[in-house]
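The sequence shown maps to residues 1 to 213 in UniProt numbering. Working notes, structure below.
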Amino acid sequence: MSLRLGDITPNFEQDSSEGKINFYDYLGDSWGILFSHPADYTPVCTTELGYTAKLKDEFAQRGVKAIALSVDDVESHHGWIQDINETQNTTVNFPIIADKDRKVSTLYDFIHPNASETLTVRSLVIIDPNKKVRLIITYPASTGRNFHEILRVIDSLQLTDHHKVATPANWTHGDDVVIVPSLQDEAELKQRFPKGYTAVKPYLRLTPQPNLK
């Protein structure tokens, strides 16, 4: 199975470092981040999971729940978590799925045979409260993820879900945004964007970022 943007993310039940997980129940009405790791006790993954734990408050502000996956078993996860806590000066505060049977990895297409026939690639899926796939990023095993980019994308997704805008290149929270080209009614433009806008081109209109809600 290959996931694409807009697909409904598949549900699953699987053991984890925090017991049996039903993915939909775990997410509830929250946004979710599911990210895979090639194996336990690997150096890059250790830094990633530690950094994810440190972002707990940032994720909570955005209504996001994180959950990780590795192809090793629960016992291995528990030992690895001790190492993560020790070396990264944090406390892992989210489940790590034990996917020794590769069930979830296969369901989410996390194993890329030309990279490795047994280990998962470094994939990340952002899922909205309607269980739709909103972002898929896949890195090679040798390259750690940029979590600032992940937070930036979540901010963009949540903003553009509430307003008829898009976010331009290198946008970060607080920067000007782009009004979507389909919005042409001047009365609606004034109502939606009371601070006005700058028309660089008829199809490129910039406006100060609206409040999220």
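The beta carbon of each residue, even a glycine, is placed where N, CA and C say it ideally should be.
Nearest-angstrom Cβ-Cβ length linking residue i and residue j, presumed shorter than 8 angstroms
i           : j           : result
residue 37  : residue 3   : Their Cβ separation, rounded to whole angstroms, is 18 angstroms, which puts residue 37 and residue 3 out of contact at 8 angstroms.
residue 168 : residue 178 : 5 angstroms
residue 209 : residue 97  : So it is not a contact: roughly 36 angstroms between Cβ atoms.
residue 48  : residue 196 : That pair is no contact at about 42 angstroms.
residue 10  : residue 107 : 5 angstroms
residue 132 : residue 12  : Wrong, their Cβ atoms sit about 16 angstroms apart, outside the cutoff.
residue 157 : residue 212 : Not really, about 11 angstroms apart at Cβ, beyond 8 angstroms.
As assigned by DSSP and simplified to three states, the class of residue i
i           : result
residue 139 : strand
residue 205 : strand
residue 79  : helix
residue 162 : helix
residue 146 : coil
residue 186 : helix
residue 114 : For residue 114, the predicted structure reports a pLDDT of 49, less than 50, and the residue's modelled location is therefore unreliable. The matter cannot be settled from this model.
residue 125 : strand
residue 197 : coil
residue 27  : helix
residue 87  : helix
residue 57  : helix
residue 74  : helix
Range covered by the beta strand (DSSP E) that runs through residue i
i          : result
residue 70 : 64 to 70
residue 36 : 31 to 37
residue 53 : Counting along the chain, residue 53 falls outside any beta strand (DSSP E), though it belongs to the alpha helix (DSSP H) covering 43 to 54.
residue 98 : 96 to 98
Limits of the unbroken alpha helix (DSSP H) element including residue i
i           : result
residue 182 : Taken as a continuous stretch (DSSP letters only), residue 182 belongs to no alpha helix (DSSP H), as it is neither H nor E.
residue 106 : 103 to 107
C-beta atoms of residue i and residue j nearer than 8 angstroms
i           : j           : result
residue 63  : residue 30  : yes
residue 123 : residue 71  : no
residue 90  : residue 60  : no
residue 83  : residue 46  : yes
residue 164 : residue 183 : yes
residue 74  : residue 85  : no
residue 65  : residue 27  : yes
residue 32  : residue 67  : yes
residue 176 : residue 204 : no
residue 147 : residue 51  : yes
residue 139 : residue 80  : no
residue 21  : residue 95  : yes
residue 161 : residue 173 : no
residue 127 : residue 34  : yes
Bridge partner(s) assigned by DSSP for residue i
i           : result
residue 132 : 8
residue 154 : In DSSP, residue 154 forms no bridge with anything.
residue 21  : 14
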